[in-house]
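In this text, residue positions in the sequence shown follow UniProt numbering: the first is 1, and each later residue adds one. The beta carbon of each residue, even a glycine, is placed where N, CA and C say it ideally should be. What you are looking at is a predicted structure, and each value in this text was computed from that prediction instead of being measured. A short write-up of the structure that comes next.
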Amino acid sequence: MLTGKQKRYLRSLAHNTDPTFQIGKGGINENMVNQIDETLEKRELIKIHVLQNNFDDKNELATTLSEATNCEIVQVIGSMIVLYRESQENKEITLP
Numbered sequence: 001m002l003t004g005k006q007k008r009y010l011r012s013l014a015h016n017t018d019p020t021f022q023i024g025k026g027g028i029n030e031n032m033v034n035q036i037d038e039t040l041e042k043r044e045l046i047k048i049h050v051l052q053n054n055f056d057d058k059n060e061l062a063t064t065l066s067e068a069t070n071c072e073i074v075q076v077i078g079s080m081i082v083l084y085r086e087s088q089e090n091k092e093i094t095l096p
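And the structure:
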């Protein structure tokens, strides 16, 4: 579980990065979950943009992804979801 200080730090890192994935009207599928899982292992911190044609609840989408990929939800703000998972092999982010 991330502390408030760690979440603030991760938010500041995510601020200047572009979204890696987009969730459209099709929602979340197994292929997307696998790709997000692989990307989390490579990058640790990713940003996901929920498009306007997706009418699902953003918090529910974030929770679904976090459970499917075993990662932490850093932030859900507007149409952006920020996820973090410590990498096993490519650890680059050191949490405060």
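Can you check which of these residues, the options, is closest to residue i by C-alpha distance?
i	options	result
Q22	L65, S87, E86	L65
E86	F55, I46, K58, E60	I46
K58	N70, I77, C71	I77
residue 100	C71, L13, G24	Absent from the structure is residue 100, since the part of the chain shown begins at 1 and ends at 96.
Could you check if residue i is buried or exposed, using at least 16 other CB atoms within 10 Å of its CB as the buried criterion?
i	result
E44	buried
L95	exposed
T3	exposed
Since residue i and residue j should fall inside the 8 Å C-beta cutoff, what is the C-beta to C-beta distance between them, to a whole number of angstroms?
i	j	result
I81	L51	Not confirmed; about 12 Å, so no contact.
T20	I48	7 Å
L83	L40	7 Å
D56	G27	6 Å
Secondary structure at residue i, three-state DSSP: helix, strand or coil?
i	result
M80	strand
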